[in-house]
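Trainee: Input: one structure, supplied below.
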Amino acid sequence: MNALEVSDLSFAYGAREALRQVNFSLPAGHFAALLGPNGAGKSTLIALLTRLYDVQRGDIRVGGHSLQASPRPALRQLGVVFQQSTLDLDLSVEQNLRYHIALHGWSRRQGATRIDAELARQHLTERRHERVRDLNGGHRRRVEIARALLHEPRLLLLDEPSVGLDPASRLALGEHIRQLCRVQGISVLWTTHLLDEVQPSDDLLILHQGRLVARGRADSVSQAHGGTLGSAFSRLTAAGAAS
Ligand code: ADP
Ligand code: MG
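Mapped onto the numbering used here, the consecutive letters of the sequence shown carry residue numbers 378 to 620.
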């Protein structure tokens, strides 16, 4: 069963087309990089997947559930880390998570068990009482990931999670997330505009001017369009290549 299926998805802001007939599926347990320059439509896709915006044309299925027809079971399987951080800097790591436990309507005890598990999984147990303001960018991102995984979703969406991180933290975060896929079988959609965040064995989706101009294993896409990912990306996203 696919974790995610996107069919003929188009979206426009008024007259401005942001997504044009996007089609792809993401198998369970796969790490997919959605690569595209600024303005390609990455955040628009995330907004549609999380139902921030209503689908205008096309269909989205999460774990087999249609997002429009059965939003609750579909959303239940989704965890999301948005491009802009939404942590409260003045609260501790644990307080930021506890607030969400209340939103999910869990008991204190159930919530405490989930928080312990996710903090451990993100290697944050020892930082649970630190204020988020005192953490570095990489650790802050991990707090958001822990929070996104509290309800044990099967699909994790990360919109440009590496923005603002130094190169070493960027790569460490990528490794950490790929390990979640391998070990826990979670599926991940990771958006970025940076080529060096894509690894040869990743599923790769290249978005340009709202169109998917390539999809497949990253090394196959590179081979099919110029040899290296850099040359494939320049060729596929050259001005007007998508129109
Ligand atoms: P990305 O995340 O890849 O940088 P976006 O999804 O943010 O791309 O934007 C895709 C296109 O839609 C861009 O042309 C952008 O200017 C436009 N856009 C994004 N948000 C809005 C909005 N709220 N209103 C109008 N146009 C928007
Ligand atoms: Mg964006």
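Where is the CB? At the ideal position from N, CA and C, for every residue including glycine.
Checking contacts by CB at 8 Å: is residue 430 closer than that to chain B?
Mentor: Given the protein chain composition of this structure (a single chain), no chain B is represented.
Trainee: If you measure from the CB of residue 574, is any heavy atom of the ligand MG nearer than 7 Å?
Mentor: The sequence position of residue 574 within the sequence shown is 197, counting from 1. False, no ligand heavy atom lies under 7 Å from that Cβ.
Trainee: Decide yes or no for the touch test of the stretch 449 to 463 against the stretch 515 to 529: beta carbon pairs closer than 8 Å, at least 3 of them.
Mentor: Yes, since at least three Cβ pairs between the stretch 449 to 463 and the stretch 515 to 529 fall closer than 8 Å, the two stretches touch.
Trainee: I'd like the list of long-range same chain contacts for residue 567, defined as Cβ closer than 8 Å, with 5 residues on each side in sequence excluded.
Mentor: Sequence index remark: in the sequence shown, residue 567 carries index 190 (1-based). Closer than 8 Å at the Cβ level, and outside the excluded window around residue 567, lie 408, 409, 410, 411, 535, 538, 551, 554, 574.
Trainee: Return the residue from the list 510, 439, 474, 386 that minimises the CA-CA distance to residue 495.
Mentor: As a working note, residue 495 is residue 118 in the sequence shown. If we check each option's Cα against that of residue 495, 474 comes out closest.
Trainee: From 381, 421, 392, 414, pick the residue whose C-alpha is nearest to that of residue 404; which is it?
Mentor: Along the sequence shown, read from residue 1 onward, the residue named residue 404 stands at position 27. Per the Cα distances, 381.
Trainee: Using a Cβ-based criterion (distance less than 7 Å to any ligand heavy atom), does residue 393 qualify as near the ligand ADP?
Mentor: Position 16 of the sequence shown, counted from the start, is the residue given in the question as residue 393. The answer is yes for residue 393.
Trainee: For residue 491, report the span of its beta strand (DSSP E) as first-last.
Mentor: Here residue 491 corresponds to residue number 114 of the sequence shown, with the count starting at 1. That residue, residue 491, is in no beta strand (DSSP E); its alpha helix (DSSP H) goes 485 to 498.
Trainee: Leaving out the 5 sequence neighbours to the left and right, which residues in its chain are closer than 8 Å to residue 558 when beta-carbon positions are compared?
Mentor: Looking up residue 558 in the sequence shown gives position 181. Within the same chain, residue 558 has close Cβ partners 406, 407, 408, 564, 565.
Trainee: Where do the ends of the alpha helix (DSSP H) carrying residue 517 lie?
Mentor: For the purposes of this step, residue 517 is taken as residue 140 along the sequence shown, with counting starting at 1. Segment 514 to 525, the alpha helix (DSSP H) holding residue 517.
Trainee: Excluding five sequence neighbours on each side, which residues of the same chain lie with their C-beta closer than 8 Å to the C-beta of residue 532?
Mentor: Residue 532 sits at position 155 when you count from the first residue of the sequence shown. These residues qualify, in order along the chain: 380, 381, 403, 439, 440, 454, 455, 456, 563, 564, 565, 566.
Trainee: Can we count residue 521 as close to the ligand MG, meaning its CB is less than 7 Å from some heavy atom?
Mentor: Here residue 521 is taken as the residue at index 144 of the sequence shown, counted from 1. It does not: the Cβ of residue 521 is nowhere closer than 7 Å to a heavy atom of the ligand MG.
Trainee: If we count the other Cβ atoms within 10 Å of its Cβ and call it buried at 16 or more, is residue 585 buried or exposed?
Mentor: Taking the first residue of the sequence shown as 1, we reach residue 585 at position 208. Result: buried.
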